[in-house]
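Asks:
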Amino acid sequence: MKQLMIIFLLLSMGSPLSVYSEGTDTVASIDALRERVQALEKEAAELEDQNHGLRMMLREMEDDEIYIVVDTENHRLTLRRGDKVLRTVVVGTGSRQMVEEETGRNWYFETPIGSFTVLAKERNPVWIRPDWSYVEENMPVPPKDDPDRIVRGVLGKYALVLGGGYKIHGTLYKDLLGTSFTHGCISMDDDDLEAVYKAAKIGTKVYIY
Amino acid sequence: MLIRIAIGLCAASILFFMINPAYADQAGEDMQALLLREKELGAKVERLRLEQEFLLFKKGFYTLDSKYLILDPVSKTGQLRYKNRLLKEFRFTTPSPREAKALPRGVLILSKKLGSDHNRLTLIFSGSLILKSMESGRQAVRKSDTPRLYLKKSDMLSLFYALEVGGRAYVLHHDF
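Residue numbers (the working numbering), protein chains in the order written: chain A, 49 to 257; chain B, 7 to 182.
1. Taking the alpha carbon of V171 (chain B) as the point to measure from, which residue in B:K65, B:G133, B:L116, B:L40 has its own alpha carbon closest?
2. Confirm, please, whether the CB-CB distance from R124 (chain A) to T136 (chain A) is below 7 Å.
3. Note down the Cα distance separating I116 (chain A) from V138 (chain A), rounded to an integer number of angstroms.
4. On the criterion of 16 or more Cβ atoms from any shown chain inside 10 Å, does R174 (chain B) qualify as buried, or is it exposed?
5. For the region 171-245 of chain A, list the beta strand (DSSP E) runs that are entirely contained and at least 3 residues long, ordered along the chain.
6. Beta-carbon separation of L40 (chain B) and F98 (chain B) under 7 Å?
7. With DSSP as the reference, identify every bridge partner of Q85 (chain B), one or two as the case may be.
8. Let me check one thing: in DSSP terms, what residues is R128 (chain A) bridge-paired to?
9. In or out: L191 (chain A) buried (at least 16 other Cβ within 10 Å) or exposed?
10. Can you pull the chain A neighbours of K203 (chain B), defined as C-beta to C-beta under 8 Å?
11. Determine the closest residue to P173 (chain A) out of A:A207, A:I216, A:P195, A:R197, with distance taken between C-alpha atoms.
12. Have a look at R128 (chain A) and W180 (chain A) and give me their C-alpha separation to the nearest angstrom.
13. Roughly how many whole angstroms lie between the Cα atoms of E52 (chain B) and G34 (chain B)?
14. Do you know whose CA, among A:E149, A:L167, A:G204, A:V209, lies nearest E185 (chain A)'s CA?
15. Any C-beta of chain B within less than 7 Å: which residues of the region 97-114 of chain A qualify?
16. Kindly indicate which three-state DSSP category G5 (chain B) falls into: helix, strand or coil?
17. Indicate whether at least one CB of chain B lies closer than 7 Å to the CB of I116 (chain A).
18. Contact criterion: CB-CB distance below 7 Å. Does N90 (chain B) meet it with respect to chain A?
19. Report the CB separation of I114 (chain A) from M37 (chain B) in whole angstroms; it is logged as a contact under 8 Å.
20. Where does V139 (chain A) fall in DSSP's three states?
21. Sorted by chain position, which residues of the same chain lie with C-beta nearer than 6 Å to L127 (chain B)'s C-beta, five sequence neighbours on each side aside?
22. Report whether the distance from the Cβ of K246 (chain A) to the nearest heavy atom of the ligand SAM is below 6 Å.
23. Assuming E245 (chain A) contacts K169 (chain A) under a Cβ cut-off of 8 Å, what Cβ separation, rounded to an integer in Å, is found between them?
24. Identify the contact partners of I78 (chain A) in chain B, using a Cβ-Cβ distance below 9 Å as the criterion.
25. Do V199 (chain A) and R171 (chain A) count as a contact pair if the criterion is CB distance below 7 Å?
26. Would you decide whether I9 (chain B) is buried or exposed? Buried here means 16 or more other CB atoms lie within 10 Å of its CB.
27. Tell me which residue opens and which closes the alpha helix (DSSP H) that E158 (chain A) is part of.
28. May I ask you to list, following chain order, the residues of the region 83-97 of chain A that have a beta carbon less than 7 Å from some beta carbon of chain B?
29. Quick one: using the 10 Å Cβ neighbour count with 16 as the cut-off for buried, is S164 (chain B) buried or exposed?
30. Would you say A106 (chain B) and P79 (chain B) are within 7 Å of each other, going by their C-beta atoms?
31. T74 (chain A) touches chain B at which residues, Cβ-Cβ below 7 Å?
32. Considering only residues of the same chain and omitting the five flanking positions on each side of W155 (chain A), which have a CB-CB separation below 6 Å?
33. Can you list, in chain order, the residues of its chain whose CB lies under 8 Å from that of P188 (chain A), leaving out five sequence neighbours each side?
34. Using the Cα positions of R84 (chain A) and D31 (chain B), report the straight-line distance between them to the nearest angstrom.
35. Is DSSP giving K90 (chain A) helix, strand or coil here?
36. What distance in whole Å lies between the Cβ atoms of K73 (chain B) and L169 (chain B), which are believed to be in contact at a cut-off of 8 Å?
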């Protein structure tokens with residue numbers, strides 16, 4: 049009887065001890081998991097703060113100004129504000145042809161690529177014929193101040209000056225719009241020119257690619 | 007005396023066995039809840055990291071004098087951008103849904119421009135993504151398994167001349 053009781057006693061003590069051991073393991077793993085969750089919560093909160101800061105910074109760098117984009121390969125000018133297209137215009141761009149003078153002077157008629165700014169706005173612009181326009185027509189090149197160089201009515205009613213002799217202006221050759229036919233300037237129809245002229249201001253950015 | 011002790015211990019152990027399942031159940035529920043929370047937070051952290059990667063990419067380009075692309079494989083649209091300006095939007099197609107899923111994500115570098123004629127313009131990004139015009143590549147024999155996107159010829163023409171080797175593209179993850 050005594051022996052039986054001792055065995056029962058040992059058995060009944062063993063089980064609680066093993067359960068106690070399992071219990072402490074569970075508590076330890078829950079604690080470890082809780083720590084991992086807390087670390088992730090902290091990391092997520094930090095990332096959220098950082099991303100919020102970055103978004104604010106990017107928003108401050110945005111603006112609501114109108115800008116002009118010229119795609120020379122597809123002969124399109126787009127008037128944009130933010131990510132919105134306000135107007136798309138068919139334009140003429142540089143012919144990528146070369147004219148060479150007997151003396152060796154030459155000119156390559158390409159629309160310049162890059163970032164530009166509208167430097168001036170002109171109404172009823174006049175064209176001061178450059179030397180190449182005489183060379184192109186096999187005419188003698190007159191002196192720089194020759195009044196014969198001043199030509200009115202060929203650039204349309206308006207022009208946006210980009211610098212370096214390049215402008216956005218009208219044209220007499222409307223049938224050629226949508227092709228590469230100019231001497232580097234960007235030309236367009238009268239209605240489109242008026243709209244672009246009115247929308248742009250001095251300082252408006254022009255991106256040509 | 008010994009019998010009393012034995013009876014006491016038996017009673018204690020029976021009581022312990024009765025309480026323990028409840029304790030074990032509670033611990034199990036806590037563990038499950040924590041594991042679920044850990045999983046959710048892990049996914050959230052990953053999303054936030056990807057969002058940060060994209061925001062840092064944009065921030066970097068707002069100050070650089072270089073054009074870049076943003077490609078969205080879900081809407082199948084792309085943007086050509088310069089600093090904070092959108093220059094051009096375009097659409098693209100993928101040969102198959104499988105290929106759309108295989109598109110690389112994140113930052114890619116334009117490593118090569120191939121363009122002997124206007125119908126066969128090709129932009130290769132980091133050897134892991136190819137942009138071609140629709141007119142060029144579909145019928146051609148595929149020489150590699152590199153995922154490719156097809157654009158309209160006019161769009162491809164614009165991108166080809168707007169981007170320079172070394173230029174960047176960002177393929178959106180769409181997890182944020």
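We treat Cβ as the ideally placed atom computed from N, Cα and C, and that holds for glycine.
Replies: The answer reads as follows:
1. Counting from one through the second sequence, the residue named residue 171 (chain B) turns up at place 165. When only C-alpha atoms are compared, the closest one is B:L116.
2. Stepping through the first sequence from its first residue, residue 136 (chain A) is reached at position 88. Stepping through the first sequence from its first residue, residue 124 (chain A) is reached at position 76. The Cβ atoms of T136 (chain A) and R124 (chain A) lie closer than 7 Å to each other.
3. As a position in the first sequence, residue 116 (chain A) is number 68, starting the count at 1. As a position in the first sequence, residue 138 (chain A) is number 90, starting the count at 1. So the alpha carbons of these two residues sit roughly 13 Å apart.
4. Within the second sequence, residue 174 (chain B) is the residue found at index 168, counting from 1. By the 10 Å Cβ count, R174 (chain B) comes out buried.
5. Scanning the region 171-245 of chain A for uninterrupted beta strand (DSSP E) segments of 3 residues or longer gives 174-176, 198-200, 206-211, 214-218, 228-230, 234-236, listed from N- to C-terminal end.
6. The count along the second sequence starts at 1 and reaches residue 40 (chain B) at position 34. The count along the second sequence starts at 1 and reaches residue 98 (chain B) at position 92. Cβ distance not < 7 Å, so L40 (chain B) and F98 (chain B) don't count as in contact.
7. Working through the second sequence from its first residue, we reach residue 85 (chain B) at position 79. For Q85 (chain B), the pairing in a beta bridge is given by DSSP as B:I76, B:E95.
8. Position 80 of the first sequence, counted from the start, is the residue given in the question as residue 128 (chain A). As a beta-bridge residue in DSSP terms, R128 (chain A) pairs with A:Y115, A:V133.
9. Counting from 1 along the first sequence, the entry for residue 191 (chain A) is found at position 143. One detail in the question is off: residue 191 (chain A) reads as Pro in this sequence, not Leu. Exposed: under 16 other Cβ atoms inside 10 Å.
10. Because chain B spans 7 through 182 in this model, residue 203 (chain B) falls outside it and cannot be assessed.
11. Counting from 1 along the first sequence, the entry for residue 173 (chain A) is found at position 125. Minimum Cα distance to P173 (chain A) is reached at A:A207.
12. What you label residue 128 (chain A) is simply residue 80 of the first sequence in a count that begins at 1. What you label residue 180 (chain A) is simply residue 132 of the first sequence in a count that begins at 1. Note on geometry: alpha-carbon atoms of R128 (chain A) and W180 (chain A) lie some 34 Å from one another.
13. As a working note, residue 52 (chain B) is residue 46 in the second sequence. As a working note, residue 34 (chain B) is residue 28 in the second sequence. CA-CA distance, E52 (chain B) to G34 (chain B), rounds to 27 Å.
14. The residue given as residue 185 (chain A) occupies position 137 in the first sequence. Selection A:E149, A:L167, A:G204, A:V209 evaluated against E185 (chain A) yields A:E149 as nearest (Cα-Cα).
15. Answer set for the region 97-114 of chain A: Q98, N99, L102, R103, M105, L106, M109, E110.
16. What is shown of chain B runs 7 to 182, which leaves residue 5 (chain B) out entirely.
17. Within the first sequence, residue 116 (chain A) is the residue found at index 68, counting from 1. With respect to chain B, the C-beta atom of I116 (chain A) has no partner C-beta closer than 7 Å.
18. As a working mapping, residue 90 (chain B) is identified with position 84 in the second sequence. At a cut-off of 7 Å between C-beta atoms, N90 (chain B) counts as an interface residue with respect to chain A.
19. Working through the first sequence from its first residue, we reach residue 114 (chain A) at position 66. Working through the second sequence from its first residue, we reach residue 37 (chain B) at position 31. Contact doesn't hold; Cβ gap of about 59 Å is too wide.
20. Taking the first residue of the first sequence as 1, we reach residue 139 (chain A) at position 91. Note: V139 (chain A) maps to coil in three-state DSSP.
21. Taking the second sequence and counting its residues from 1, one reaches residue 127 (chain B) at position 121. Annotation for L127 (chain B): G121, S139, M162, F166 place their beta carbon closer than 6 Å to its own, counting only its chain and skipping 5 residues before and after.
22. No copy of the ligand SAM appears in this structure; indeed no ligand is present at all.
23. In the first sequence, the residue the question calls residue 245 (chain A) occupies position 197. In the first sequence, the residue the question calls residue 169 (chain A) occupies position 121. Checking the sequence, you will find Tyr at residue 245 (chain A) rather than Glu. About 7 Å; that satisfies the 8 Å criterion.
24. Reading the first sequence from its first residue, position 30 is the one you call residue 78 (chain A). Neighbours of I78 (chain A) in chain B, taken as residues at a C-beta separation under 9 Å, are given in chain order as A33, D36, M37, L40.
25. Position 123 of the first sequence holds residue 171 (chain A). Position 151 of the first sequence holds residue 199 (chain A). It is not a contact, given that the beta carbons lie outside the stated cut-off.
26. Residue mapping note: residue 9 (chain B) aligns to position 3 of the second sequence, counting from 1. Exposed, since its Cβ has fewer than 16 Cβ neighbours within 10 Å.
27. Locating residue 158 (chain A) in the first sequence gives position 110, counting from the first residue. For E158 (chain A), there is no enclosing alpha helix (DSSP H), since its DSSP letter is neither H nor E.
28. Cβ contacts with chain B come from R84, V85, L88, E89, E91, A92, L95, E96.
29. Here residue 164 (chain B) is taken as the residue at index 158 of the second sequence, counted from 1. Buried is the call here.
30. In the second sequence, the residue the question calls residue 106 (chain B) occupies position 100. In the second sequence, the residue the question calls residue 79 (chain B) occupies position 73. Contact: yes.
31. Position 26 of the first sequence, counted from the first residue, corresponds to residue 74 (chain A). Around T74 (chain A), the beta-carbon contacts reaching into chain B at under 7 Å are A33.
32. Residue 155 (chain A) sits at position 107 when you count from the first residue of the first sequence. Answer for W155 (chain A): V147, W180, listed in chain order.
33. Position 140 of the first sequence, counted from the start, is the residue given in the question as residue 188 (chain A). The residues are Y182.
34. Translated into the one-based positions of the first sequence, residue 84 (chain A) becomes position 36. Translated into the one-based positions of the second sequence, residue 31 (chain B) becomes position 25. Taking the straight line from one Cα to the other gives about 22 Å.
35. By 1-based counting over the first sequence, the position of residue 90 (chain A) is 42. Looking at K90 (chain A) - three-state DSSP - the assignment turns out to be helix.
36. Start at 1 with the first residue of the second sequence, and residue 169 (chain B) comes out as number 163. Start at 1 with the first residue of the second sequence, and residue 73 (chain B) comes out as number 67. With a Cβ gap of about 6 Å, L169 (chain B) and K73 (chain B) count as contacting.
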